[in-house]
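The sequence shown maps to residues 0 to 259 in numbering that gives the first Met the number 0.
Every residue, glycine too, gets a C-beta built ideally from N, C-alpha and C.
If you're wondering where the values come from, they're calculated on a predicted model, not measured in any experiment.
Some notes on the structure that comes next.
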Amino acid sequence: MRIDVVSIFPDYLSPLELSLVGKARTSGLVDVRVHDLRDWATDRHRTVDDTPFGGGAGMVMRPDVWGTALDDVLADGGHLLVPTPSGTPLTQRTAEALAHEPHLVIACGRYEGIDARVAAHYATRPDVTVTEYSIGDYVLNGGEVAALVLVEAVVRLLPGFVGNPESLVEESHGAAGLLEYPVYTKPPVWADLEVPEVLLSGHHGRIARWRRDEALARTASLRSDLVAALDVADLDARDLEVLAEHGWTVLDGELSLRGT
Ligand code: SAM
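Now the structure itself:
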């Protein structure tokens with residue numbers, strides 16, 4: 000996979016050289032190229048922004064500078080990802096889909112964002128897909144952190160990235176649609192807190208059931224939206240019992256929270 004990130008602060012993307020993403024780059028699993036948008040500016044001051052038409056506070060990033068930059072990095076087409084707080088929320092499903100694509104380009108905005116014509120223009124190109132995405136309902140100063148989030152979420156799903164692919168299966172937001180169960184390691188007692196006895200039993204069946212119960216209970220306590228999205232056909236009798244303890248019952252084939 001190739002990923003191009005365009006930013007006016009390329010140094011902000013230096014964490015991409017660290018840890019597992021850095022290793023994936025050196026091993027050739029992913030080719031990440033970080034570009035300075037100002038390299039495409041044409042004036043002496045390497046200007047990339049201007050005042051907003053219609054007035055108002057702040058500056059807007061110029062479409063002509065972004066256009067020449069993106070024409071270069073998207074010369075062979077690809078998926079243009081534009082971080083913005085008004086975009087579609089980034090989810091694990093999005094990351095899974097992007098992990099199958101050969102070329103991602105991330106355009107990091109700053110100031111009041113990028114002139115709206117940039118996304119509109121590239122959306123008309125048959126060899127380019129455009130997605131405006133948000134990493135949460137808050138406003139950052141720039142798209143670089145959102146680019147780091149997307150790269151890490153996608154690259155860890157590439158085949159060969161994690162040593163043990165099993166570790167991805169039961170994760171939060173995985174195929175089961177649940178949050179992950181709590182995890183523990185040595186020592187067995189710390190700060191007077193004991194690891195649940197079942198995890199020391201060596202009994203694989205009991206451990207698997209306990210983990211499933213905990214995942215269901217945790218999801219029911221913290222994320223009713225995820226429970227509401229579960230498919231009843233995927234749940235066994237014990238699952239329904241655990242959910243019932245948290246107020247969920249099956250009504251007309253759908254999970255429903257008592258009193259709502
Ligand atoms: N004026 C914009 C608005 O109100 O929607 C906010 C611009 S923000 C200060 C500057 C840049 O930060 C955006 O162009 C985007 O690249 C990035 N950004 C800020 N918050 C973000 C979020 N929640 N998700 C993704 N990108 C974000």
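- Taking the CA atoms as reference points, residue 181 sits about 11 Å from residue 171.
- Counted as a single uninterrupted DSSP element, the stretch harbouring residue 134 is not any beta strand (DSSP E), since DSSP gives it neither H nor E.
- If you draw a straight line from the Cα of residue 196 to the Cα of residue 251, it comes to about 38 Å.
- Taking the C-beta atoms as reference points, residue 23 is found nearer than 8 Å to residue 154.
- Here residue 255 carries a strand assignment [DSSP, helix/strand/coil].
- The three-state reading of DSSP puts residue 86 in strand, counting E and B together.
- Distances from the CB of residue 138 to the heavy atoms of the ligand SAM include at least one below 7 Å.
- Residue burial is scored here from C-beta neighbours: residue 32 has fewer than 16 other C-beta atoms within 10 angstroms and is therefore classed as exposed.
- A residue is called buried once 16 or more other Cβ atoms fall within 10 Å of its Cβ, and residue 130 is buried on that count.
- Beta bridge pairing from DSSP links residue 49 with 59.
- CA-to-CA, the gap between residue 236 and residue 183 works out to about 27 Å.
- Across the set 85, 100, 64, 175, the C-alpha of 100 shows the shortest separation from the C-alpha of residue 30.
- Per DSSP, residue 203 is one residue of the alpha helix (DSSP H) stretching across 203-221.
- Between the C-alpha atoms of residue 147 and residue 15 there is a straight-line separation of about 7 Å.
- If you check the CB distance, residue 226 and residue 219 come in under 8 Å.
- With 16 or more other Cβ atoms inside 10 Å of its own Cβ, residue 247 counts as buried.
- The DSSP-derived three-state label of residue 165 is helix.
- Here residue 73 is near residue 121, since their CB atoms are less than 8 Å apart.
- The beta-carbon separation of residue 89 and residue 103, rounded to 13 Å, does not stay under the 8 Å limit for a contact.
- Only residues of its own chain outside the window of five on either side were considered, and among them 6, 8, 11, 12, 107 have a CB closer than 7 Å to the CB of residue 143, listed in chain order.
- The alpha-carbon of residue 85 is positioned some 30 Å away from that of residue 44.
- Looking at the backbone, the Cα of residue 36 and that of residue 65 are separated by about 7 Å.
- In the structure shown, residue 13 adopts helical secondary structure according to DSSP, grouped into three states.
- In this model, residue 161 and residue 28 are separated by some 11 Å (Cα to Cα).
- Between the ligand SAM and the CB of residue 151, the shortest heavy atom gap is not smaller than 7 Å.
- About 12 Å separates the beta carbons of residue 186 and residue 199, which is beyond the 8 Å limit, so they are not a contact pair.
- A distance below 8 Å separates the beta carbons of residue 110 and residue 59.
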